[in-house]
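The UniProt record's numbering numbers the first residue of the sequence shown as 1 and each following residue consecutively.
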Amino acid sequence: MNKTESTVRIMLTAIEAPLYDVGVLSERGMLPGLDGISAAAVLDRLSLLKYRNAHSSHIYIRPSGEHRFTTLDDLSETSLARLSADGFNPCAVVETSAGNFQAWLKHPRTFPKLLGTFAAQTLAERYDADPSAADWRRFGRLPGFTNCKPKYRKSDGLFPFVRLHSHSGQQYPMAEAFEQEITMLYEAREQQHEARRLESSLSPRRGPRLSNLSLERFRSSTKYQDRPAAADIAFCVAAFANGMTEDRIGCALEDDYLSRDPSPSKRAAYIRRTMEKARRWAER
């Protein structure tokens, strides 16, 4: 077994998936026919990949379809250290060029596409990764091959190898907590967007029309079918954005309170929590 094969085997184990997409990028574009293949099939094509890489093609890898990984690109050593210090220990780190890293994070389970992209964008912002490379299906460079960008060509005409810097294959310690956090943040963002869309549809072209902002309209929206609490927050976001007074918003929630529980304290607590959450989003 040569060094390239050994490195690729380790990388495939670190980002274990049922199937993989292999990217072979040249000036003519991406080589077809390498999507949705098994780990064994990736290894069977190493001769092809070596040949293409020797002729200036870039070699990439990613799990095929929706998956449980996030790739962060263009990380510095400082950012890598911060990731680990915060409990986001990567399952694999690839050094794509001197001092420049890609980190693979292993989540508890598969993220839907939109949530996966939101998670990647959130982490990229927090850890100074490349925001343009933050999405759910980002390729990472496959270690064991060279990075043949012209700017990395050495004086002898050769290119540096992409190195597998570290590999554990393990889920990061903060995985469960981050999944809960990112899901809540994503849902809150979607509620805010929906509130703005409904607000726009209910408002005339010239100025807000508060009389059209009814809680009932939000609760009857198909977006919030069987999710009245989310509809309440969306209504409040739109109401705050349109300048509705807190008293009027509170009265709307009070008049059509969700729960049948007669407890005045629980009702007041629910209304307060809903309005506080909506106010934070409306002010962003």
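Even for Gly, the Cβ is constructed at its ideal location relative to N, Cα and C.
Buried or exposed by the 16-neighbour rule on C-beta atoms within 10 Å, applied to residue i
i	result
Gly144	buried
Glu181	exposed
Arg205	For Arg205, the pLDDT reaches just 44, beneath the cut-off of 50, and the residue's location in the model is therefore unreliable, although a value from the coordinates is still provided. Exposed, because fewer than 16 other Cβ atoms sit within 10 Å of the Cβ of Arg205.
Asn2	exposed
Met184	exposed
Arg219	buried
Tyr20	buried
Ala124	buried
Glu194	buried
Thr13	exposed
Ser265	exposed
His67	buried
Arg189	exposed
Arg248	exposed
Arg273	exposed
Residue i versus the options, residue with shortest Cα-Cα distance
i	options	result
Glu187	Pro173, Ala230, Phe161	Ala230
Gly250	Ser263, Ala268, Asn242	Ala268
Gln163	Asp256, His67, Phe240, Gly99	The residue asked about is misnamed: residue 163 is Arg in this sequence, not Gln. It is Gly99 whose Cα lies nearest to the Cα of Arg163.
Lys106	Leu142, Ala252, Glu16, Lys113	Glu16
Ala278	Lys266, Ala238, Phe118, Thr7	Ala238
Phe178	Thr70, Leu31, Met11, Asn53	Thr70
Gly29	Thr7, Met11, Arg52	Arg52
Thr78	Met174, Ala54, Arg126	Arg126
Phe139	Ser84, Asp35, Ser76	Asp35
His165	Leu75, Cys148, Ala54	Leu75
Ala54	Tyr257, Gly157, Met11	Gly157
Phe118	Asp130, Thr110, Ala134	Ala134
Distance between residue j and residue i (C-alpha atoms, nearest Å)
i	j	result
Arg9	Ser64	17 angstroms
Glu176	Pro108	6 angstroms
Pro18	Ala40	11 angstroms
Ser214	Glu276	19 angstroms
Ile271	Gln192	18 angstroms
Trp136	Trp104	12 angstroms
Lys50	Glu5	10 angstroms
Ser211	Ser263	Residue confidence for Ser211 is low, a pLDDT of 49 falling below 50, so the modelled location carries little weight; the figure read from the coordinates is stated next. Answer to the nearest angstrom: the Cα atoms are 29 angstroms apart.
Ala81	Asp255	52 angstroms
Asp232	Asp86	34 angstroms
Ser132	Thr245	40 angstroms
Ile37	Trp281	43 angstroms
Gln121	Gln170	22 angstroms
Ala217	Gly116	This sequence places Arg at residue 217; Ala is not what is there. Cα-Cα distance, rounded: 31 angstroms.
Pro228	Ser84	39 angstroms
Leu31	Lys149	18 angstroms
Pro208	His167	For Pro208, the predicted structure reports a pLDDT of 44, less than 50, and the residue's modelled location is therefore unreliable. A value from the coordinates is still provided. Each residue's alpha carbon lies about 55 angstroms from the other.
Met174	Ala234	30 angstroms
Ser155	Thr7	26 angstroms
Cys236	Gly33	50 angstroms
Inter-residue CB distance, residue i and residue j (contact presumed, cutoff 8 angstroms)
i	j	result
Phe161	Arg153	The pair is not a contact, with the Cβ atoms about 13 angstroms apart (cut-off 8 angstroms).
Tyr172	Asn89	5 angstroms
Gln102	Asp73	5 angstroms
Ser221	Asn147	49 angstroms between Cβ atoms; not a contact.
Met11	Leu142	7 angstroms
**Request:** Report yes or no: do three or more beta-carbon pairs, one from the region 85 to 96 and one from the region 34 to 54, lie closer than 8 angstroms?
**Result:** no
**Prompt:** Does the region 53 to 62 come close enough to the region 23 to 38 that 3 or more CB-CB pairs lie under 8 angstroms?
**Reply:** The region 23 to 38, when compared against the region 53 to 62, does touch it at the 8 angstroms Cβ threshold.
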